[in-house]
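K.L.:
Residue numbers (this note's numbering), protein chains in the order written: chain L, 2 to 390; chain G, 1333 to 1486.
C-beta: ideal position from N, C-alpha, C; glycine also.
On a predicted model such as this, the values are computed, not experimentally measured, just so you know.
Quick one: the structure is below, and I'll ask about it shortly.
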Ligand SMILES: [Zn+2]
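This is the structure:
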């Protein structure tokens, strides 16, 4: 018989500034805090998922944490990796292969590298050959921001989307961050502030781009019978469905720059969960750039294709709007230590537990997390809810 | 700020800067047996892409199979060099030399007239204000090493 799967623990590492803490220490902070949040001991964790930037990353994490999991997932497809982990863990727990899976992430990107992500010349770094198809893009001087900018420019061309509309996304995320004492930037913004910030790659301005921070987070999933004996048993959060997909690696391979794999991932995730877009109370969107929010909310069916611009400009991403998005302030204002996907699951859980204080979306029962990785290359969608399927 | 800064098409003309002939080792591709024909072709002024015998579509970059239909009957052909700008951006921040010294510059995704092939390439001579989606462009070639060329568009 299929088992229901719950989010039982969430723990954030220090951030957005965590000088002196190595990535594995940030992972351990998140892990121990998530165990405490759940009311679990570490020897009860029999599954581990993590994504980093080296081979056998998750194995090194297991050793560091002092656990010997029987189930591993090292899917590493950029910022959306953790939505893939959640979906894989959900199926494995549902099937009875594993009982308790910790999904872990930690990065000291800001302390280690400064604010260079996205403008350091695409996929390559000085002194090394870029991987895969980046071999053809790196010599052009295209940056990561530039790749997203190119996609945004095409959307503007096809649908009349404007820089003001994109900017309104950053404004709404900052409004949310202003309520969050853990957010990196909290001073309210206007659309003009965004448009007057310097252009990094047309049409994207500095304030259309996510922050660079340190940080980490751990989300623990468990079978329902285990969740029933744990700390949040009276406010369970269920994983209701998930899916993922990829359309390309580098942006050169993105045949339609106005559509992502979220079209497929979202459709499958929503079908598994038994929901439609209008059921969604909270949207946790990977806002690496303002355009990422716009294109993925269209792809998931929250607005018709091409109408994302007017939809966001109407203020629908605000608390109280039609689609409250990233109540914590998102990657654009709260935290982004290189890969943000796992923070989406943490924030969705906080909302569904009705534990978000001033950032709470009132009456939130269904949340959708959509992680985006690479150059809009990979999309992972996970549906969480206060009710089981 | 009177100028609406979002779309490069509305910006004033900006002169191109930087030395496009300066290519330190970290920006020079290292050819492999699979892609040498592309880089060598560019060094002698030819845009070499692959055409599939099975479906007739083209592809860039070179691969063992046709990325459209899966056939392994892919052959090298020389493209006309004529293409259309599918999209583009103006890079205004890049911390890596020599790109840092070239700012701002245009990078475009160009659909070749040989259906199925798209390149992301620099447009070194282009005034950002004069570049538009849908405009026709033509390949130019830039040597960056012995037998290694890059394809640009103008
Ligand atoms: Zn073919």
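#1: The beta strand (DSSP E) spanning residue 1455 of chain G covers which residue range?
#2: Can you give the Cα-Cα distance for residue 111 of chain L and residue 338 of chain L, rounded to whole angstroms?
#3: Applying the 10 Å Cβ sphere with the 16-neighbour rule, what's the burial state of residue 350 of chain L?
#4: With 16 as the cutoff for other CB atoms within 10 Å, does residue 1393 of chain G come out buried or exposed?
#5: Could you check what DSSP says for residue 1299 of chain G in three-state terms: helix, strand or coil?
#6: So is residue 1353 of chain G buried or exposed if we call it buried at 16+ other beta carbons inside 10 Å?
#7: For residue 136 of chain L, does the count of other Cβ atoms within 10 angstroms reach 16, so buried, or fall short, so exposed?
#8: Closest by CA to residue 285 of chain L, which one among L:5, L:221, L:371?
#9: What residues of chain L sit near residue 1452 of chain G, judged by a beta carbon separation below 7 Å?
#10: Check whether chain G comes within 8 Å of residue 124 of chain L, counting only Cβ atoms and requiring the distance to be less than that.
#11: Identify, in the order they occur along the chain, each residue of the same chain with its Cβ nearer than 6 Å to the Cβ of residue 395 of chain L, setting aside the five sequence neighbours on each side.
#12: Would you check whether ligand 1 has a heavy atom nearer than 7 Å to the C-beta of residue 1412 of chain G?
#13: Should residue 320 of chain L and residue 220 of chain L be called a contact, given that it needs their Cβ atoms to be closer than 8 Å?
#14: Whose beta carbon lies closer than 5 Å to any heavy atom of ligand 1, going through the chain in order?
#15: Check the Cβ-Cβ distances between residue 1396 of chain G and every residue of chain L, and say whether any is below 8 Å.
#16: Of all Cβ atoms in chain L, is any one closer than 8 Å to the Cβ of residue 1425 of chain G?
#17: Mind checking who residue 41 of chain L pairs with in its DSSP beta bridge?
#18: Hey, quick one: how far does the alpha helix (DSSP H) through residue 154 of chain L stretch, first residue to last?
#19: Residue range of the alpha helix (DSSP H) that residue 297 of chain L falls in?
#20: Straight-line CA distance for residue 83 of chain L to residue 1351 of chain G?
#21: Can you grab the Cα-Cα spacing for the pair residue 1368 of chain G / residue 1478 of chain G, in whole Å?
#22: Does the CB of residue 1381 of chain G have a neighbour CB from chain L at under 8 Å?
#23: Compute the Euclidean distance between the alpha carbons of residue 205 of chain L and residue 118 of chain L, then round it to the nearest angstrom.
#24: Just mark residue 38 of chain L as buried or exposed, buried being the case when its beta carbon has 16 or more other beta carbons within 10 Å.
#25: Figure out for me which residue from L:78, L:358, L:105, L:93 has the closest Cα to the Cα of residue 62 of chain L.
#26: If you draw a straight line from the alpha carbon of residue 382 of chain L to that of residue 59 of chain L, how long is it in whole angstroms?
#27: Give me the Cβ distance between residue 103 of chain L and residue 35 of chain L, rounded to the nearest whole Å; I'm assuming they're in contact under 8 Å.
#28: Out of L:86, L:331, L:29, L:113, which has the shortest C-alpha to C-alpha gap to residue 66 of chain L?
#29: Using only the alpha-carbon positions, how far apart do residue 332 of chain L and residue 1408 of chain G sit?
#30: With DSSP collapsed to three states, give me the class of residue 341 of chain L.
#31: Below 8 Å on the Cβ atoms is my guess for residue 1416 of chain G versus residue 1378 of chain G; work out the distance and round it to an integer in Å.
#32: Which residue comes first and which comes last in the alpha helix (DSSP H) that contains residue 226 of chain L?
#33: Under 8 Å by Cβ, that's how I've got residue 384 of chain L and residue 270 of chain L pegged, so tell me the actual separation to the nearest angstrom.
#34: Can you tell me the Cβ-Cβ gap for residue 1481 of chain G and residue 1473 of chain G, rounded? I've got them flagged as a contact below 8 Å.
#35: With distances taken from CA atoms, which of G:1414, G:1419, G:1461 is nearest residue 1446 of chain G?
#36: Could you say which of L:143, L:160, L:235 lies nearest to residue 306 of chain L if we only look at CA atoms?
P.N.:
In short:
#1: Walking along the second chain from the start, residue 1455 of chain G turns up at place 123. Per DSSP, residue 1455 of chain G belongs to the beta strand (DSSP E) from 1450-1455.
#2: Here residue 111 of chain L corresponds to residue number 110 of the first chain, with the count starting at 1. Here residue 338 of chain L corresponds to residue number 337 of the first chain, with the count starting at 1. Each residue's Cα considered, the two are about 7 Å apart.
#3: The residue labelled residue 350 of chain L in the question sits at position 349 within the first chain. Buried: at least 16 other Cβ atoms inside 10 Å.
#4: The residue given as residue 1393 of chain G occupies position 61 in the second chain. Result: buried.
#5: A question about residue 1299 of chain G goes unanswered here, because the residues of chain G that appear run from 1333 up to 1486.
#6: Numbered from 1 along the second chain, position 21 holds the residue referred to as residue 1353 of chain G. Under this definition residue 1353 of chain G is an exposed residue.
#7: Start at 1 with the first residue of the first chain, and residue 136 of chain L comes out as number 135. Buried, by the Cβ-count rule.
#8: What you label residue 285 of chain L is simply residue 284 of the first chain in a count that begins at 1. Answer by Cα proximity: L:371.
#9: Your numbering for residue 1452 of chain G matches position 120 in the second chain. Neighbours of residue 1452 of chain G on chain L, chain order: 137, 138, 141, 143, 252, 253.
#10: Position 123 of the first chain, counting from 1, holds the residue named residue 124 of chain L. With a pLDDT of 43 at residue 124 of chain L, under the threshold of 50, the predicted position of this residue should be treated as unreliable, though the coordinate-derived value follows. Not closer than 8 Å to any Cβ of chain G, the Cβ of residue 124 of chain L fails to qualify, so no.
#11: No answer is possible for residue 395 of chain L: the residues shown for chain L start at 2 and end at 390.
#12: If you number the second chain from 1, residue 1412 of chain G lands on position 80. False, no ligand heavy atom lies under 7 Å from that Cβ.
#13: On the first chain, position 319 is the one that residue 320 of chain L refers to. On the first chain, position 219 is the one that residue 220 of chain L refers to. Not a contact, by the Cβ cut-off of 8 Å.
#14: G:1384, G:1386, G:1387, G:1398, G:1400, G:1401, G:1403
#15: For the purposes of this step, residue 1396 of chain G is identified with residue 64 of the second chain, where counting begins at 1. Answer no: the Cβ-Cβ gap between residue 1396 of chain G and chain L never drops below 8 Å.
#16: Locating residue 1425 of chain G in the second chain gives position 93, counting from the first residue. Yes, residue 1425 of chain G counts as interfacial toward chain L.
#17: Sequence index remark: in the first chain, residue 41 of chain L carries index 40 (1-based). According to DSSP, which records beta bridges pairwise, residue 41 of chain L is partnered with nothing at all.
#18: The residue labelled residue 154 of chain L in the question sits at position 153 within the first chain. From DSSP, the alpha helix (DSSP H) with residue 154 of chain L extends over 145-160.
#19: As a position in the first chain, residue 297 of chain L is number 296, starting the count at 1. Unbroken alpha helix (DSSP H) run through residue 297 of chain L: 291-300.
#20: Indexing the first chain from 1 puts residue 83 of chain L at position 82. Indexing the second chain from 1 puts residue 1351 of chain G at position 19. Rounded to whole angstroms, residue 83 of chain L to residue 1351 of chain G spans 42 Å at the Cα level.
#21: The residue labelled residue 1368 of chain G in the question sits at position 36 within the second chain. The residue labelled residue 1478 of chain G in the question sits at position 146 within the second chain. Taking the straight line from one Cα to the other gives about 12 Å.
#22: Indexing the second chain from 1 puts residue 1381 of chain G at position 49. False, the Cβ-Cβ gap to chain L never drops below 8 Å.
#23: As a first step, residue 205 of chain L must be located in the first chain, where it is residue number 204. As a first step, residue 118 of chain L must be located in the first chain, where it is residue number 117. The alpha-carbon atoms of residue 205 of chain L and residue 118 of chain L are separated by roughly 15 Å.
#24: For the purposes of this step, residue 38 of chain L is taken as residue 37 along the first chain, with counting starting at 1. Classification for residue 38 of chain L: buried.
#25: On the first chain, position 61 is the one that residue 62 of chain L refers to. Nearest C-alpha to residue 62 of chain L: L:105.
#26: For the purposes of this step, residue 382 of chain L is identified with residue 381 of the first chain, where counting begins at 1. For the purposes of this step, residue 59 of chain L is identified with residue 58 of the first chain, where counting begins at 1. Taking the straight line from one Cα to the other gives about 22 Å.
#27: In the first chain, counting from the first residue as 1, residue 103 of chain L sits at position 102. In the first chain, counting from the first residue as 1, residue 35 of chain L sits at position 34. Right, the Cβ-Cβ distance comes to about 7 Å (below 8 Å), so this counts as a contact.
#28: Start at 1 with the first residue of the first chain, and residue 66 of chain L comes out as number 65. Closest option to residue 66 of chain L, Cα to Cα, is L:29.
#29: Taking the first chain and counting its residues from 1, one reaches residue 332 of chain L at position 331. Taking the second chain and counting its residues from 1, one reaches residue 1408 of chain G at position 76. Going by the C-alpha atoms only, they are around 44 Å apart.
#30: Here residue 341 of chain L refers to the residue found at position 340 of the first chain. Assignment of residue 341 of chain L by DSSP, reduced to helix, strand and coil, places it in the coil class.
#31: Along the second chain, read from residue 1 onward, the residue named residue 1416 of chain G stands at position 84. Along the second chain, read from residue 1 onward, the residue named residue 1378 of chain G stands at position 46. Actually they are not in contact, since the Cβ atoms of residue 1416 of chain G and residue 1378 of chain G sit about 20 Å apart, beyond 8 Å.
#32: The sequence position of residue 226 of chain L within the first chain is 225, counting from 1. Its alpha helix (DSSP H) spans residues 225-228.
#33: Taking the first residue of the first chain as 1, we reach residue 384 of chain L at position 383. Taking the first residue of the first chain as 1, we reach residue 270 of chain L at position 269. Rounded, the Cβ-Cβ distance is 5 Å, consistent with contact.
#34: The count along the second chain starts at 1 and reaches residue 1481 of chain G at position 149. The count along the second chain starts at 1 and reaches residue 1473 of chain G at position 141. At roughly 5 Å, the Cβ-Cβ gap stays under 8 Å, so residue 1481 of chain G and residue 1473 of chain G are in contact.
#35: The residue labelled residue 1446 of chain G in the question sits at position 114 within the second chain. The candidate whose alpha carbon is nearest that of residue 1446 of chain G is G:1414.
#36: On the first chain, position 305 is the one that residue 306 of chain L refers to. Considering only L:143, L:160, L:235, the residue with the shortest C-alpha distance to residue 306 of chain L is L:160.
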